[in-house]
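Chemist: Please find one structure pasted underneath; my questions will follow.
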Amino acid sequence: MTAARYVALRCDGPDCYAETHHAFSDSMTVTELRATRSEDGWHARPGGRDICPDCWKAGHR
Ligand SMILES: [Zn+2]
Numbered sequence: 000m001t002a003a004r005y006v007a008l009r010c011d012g013p014d015c016y017a018e019t020h021h022a023f024s025d026s027m028t029v030t031e032l033r034a035t036r037s038e039d040g041w042h043a044r045p046g047g048r049d050i051c052p053d054c055w056k057a058g059h060r
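Just so it is clear: in the sequence shown, position 30 is 29 by numbering that gives the first Met the number 0, and no numbers are missing.
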């Protein structure tokens with residue numbers, strides 16, 4: 000068994016219900032987690048909101 004866990008990210012864009020999941024280990028820091036998510040084109044916004052790649056390109060920030 001691995002210790003990997005999954006975090007669900009939900010897009011906070013208008014009328015957007017995009018979701019993604021990231022596996023991360025307990026040793027992973029929040030900074031590393033954010034780096035992983037930006038590899039997929041997701042962006043973390045202040046206040047804990049997440050924006051999917053499509054909404055980011057559409058200017059919903
Ligand atoms: Zn979105």
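Each residue gets a CB set at the ideal place from its N, CA and C atoms; glycine is no exception.
From the DSSP output, which residues share a beta bridge with Cys10?
Modeler: Asp49
Chemist: Here's a check: name, in chain order, each residue in its chain whose Cβ is nearer than 8 angstroms to the Cβ of Arg4, leaving out the five neighbours to either side.
Modeler: Within the same chain, Arg4 has close Cβ partners Ala22, Phe23, Ser24, Asp25.
Chemist: With His20 and Val6 assumed to form a contact (beta carbons below 8 angstroms), what rounded beta-carbon distance in angstroms separates them?
Modeler: 7 angstroms
Chemist: Please confirm whether Asp49 and Arg9 have their CB atoms less than 8 angstroms apart.
Modeler: yes
Chemist: Rounding to the nearest angstrom, what Cα-Cα distance links Thr35 and Ala17 in this structure?
Modeler: So the two alpha carbons sit approximately 17 angstroms from each other.
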